[in-house]
Amino acid sequence: MAIIVDKVQKRQDIALSCKALVLENGIKNLTISQIAKTAGVGKGTIYDYFKNKEDLLFEIVYFLMQKHSDKLEKEIVAAVSTKDKVKAFTRFFYDEEEYELRGFYKEFKSIALSSPNEEMIEFNAQCANRYQFWFEEIIQAGIDKNEIIPHAKNLVKGLFVSAEGMFISASSINNLDTLEQDLNDFIDAIFILIEVK
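Under the numbering used here, read the sequence shown as residues 24 to 220, first letter to last.
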């Protein structure tokens, strides 16, 4: 009797078995042979499931982002004020529990900036749109509860991109020590301007 393979699960299993390898070496320094050896499969099997090394990285990032989104949703629901919800949203950039995902996120962003392809651009746009829409909902809920002024909705993209930019800037000079304080100070300053008095 033939064994039926769940290709979606097998793809995920292969990718996740290589998480430590990717974090340790970076995707650009890996070979398909190393990936196959780590996953315990042949090189041909890697190509059966992934177009290239970057595709493997997408699978890891996708899986970890799903887990992150589930956790984030609970944190946002538990947060009382809009400001606390925004801070929960930006916690990803410094929270120790998100260290692994941040490593993959930086790897992904590096590739997206240095050698983007159509699939990468689409994947990046989907992620950004999803999180930006979520962020818009948080801000709109704050407006609806009369916590923040209606013009605050014009800050959504700026707040979202500023948090990511502060993370990328701090990462580029290897100075993440003050990122939590810097982000929280930035959010506090913005909310001084947009909170209903």
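Ideal Cβ positions, reconstructed from N, Cα and C, are used throughout, including at glycine.
This structure is a prediction, so every number in the text was calculated from the model and none was measured.
Provide the residue span of the alpha helix (DSSP H) that contains residue i, from first to last.
{"i": "K220", "result": "Careful: K220 lies outside any alpha helix (DSSP H) and carries neither H nor E."}
{"i": "N48", "result": "K42 to N48"}
{"i": "I83", "result": "K76 to A101"}
{"i": "L199", "result": "Looking at the DSSP string, L199 is not in any alpha helix (DSSP H), and its letter there is neither H nor E."}
{"i": "Y117", "result": "Here Y117 belongs to no alpha helix (DSSP H), and DSSP marks it neither H nor E."}
{"i": "S56", "result": "I55 to A62"}
Closest by CA to residue i, which one among the options?
{"i": "R114", "options": "D205, L39 and V179", "result": "D205"}
{"i": "D107", "options": "V219, N207, A193 and I217", "result": "N207"}
{"i": "A59", "options": "I37, A164 and G49", "result": "I37"}
{"i": "E123", "options": "K42, A193 and I215", "result": "K42"}
{"i": "S194", "options": "F214, F127 and L95", "result": "F127"}
{"i": "F73", "options": "V31, A151, I144 and E170", "result": "V31"}
{"i": "E160", "options": "D93, F112, T68 and I196", "result": "F112"}
{"i": "A212", "options": "K33, C150 and V109", "result": "V109"}
{"i": "E121", "options": "L87, I215 and H174", "result": "L87"}
{"i": "I134", "options": "A186, I50 and E98", "result": "I50"}
Does the beta-carbon of residue i have 16 or more other beta-carbons within 10 angstroms, so that it is buried, or is it exposed?
{"i": "Y70", "result": "exposed"}
{"i": "G165", "result": "buried"}
{"i": "F156", "result": "exposed"}
{"i": "K66", "result": "exposed"}
{"i": "V184", "result": "exposed"}
{"i": "R125", "result": "buried"}
{"i": "E47", "result": "exposed"}
Does DSSP put residue i in a helix, a strand or coil?
{"i": "I171", "result": "strand"}
{"i": "Y122", "result": "helix"}
{"i": "V31", "result": "helix"}
{"i": "N236", "result": "Outside the shown range of the chain, which is 24 to 220, sits residue 236, and nothing can be said about it."}
{"i": "V109", "result": "helix"}
Spatial neighbours of residue i within its chain, please: CB distance less than 7 Å, with the 5 preceding and 5 following residues excluded, ordered by chain position.
{"i": "I172", "result": "I217 and V219"}
{"i": "K129", "result": "S194"}
{"i": "N169", "result": "V219"}
With a threshold of 6 Å on Cβ separation, who are the neighbours of residue i within its own chain once the five nearest residues in sequence on each side are excluded?
{"i": "A101", "result": "none"}
{"i": "L79", "result": "A38 and F73"}
{"i": "L199", "result": "A193"}
Starting from the C-beta of residue i, find all residues in its chain whose C-beta is less than 8 Å away, skip the five residues before and the five after it, and write them out in chain order.
{"i": "M189", "result": "F116, L202, D205, L206 and F209"}
{"i": "V179", "result": "Q155, F158, E159 and I162"}
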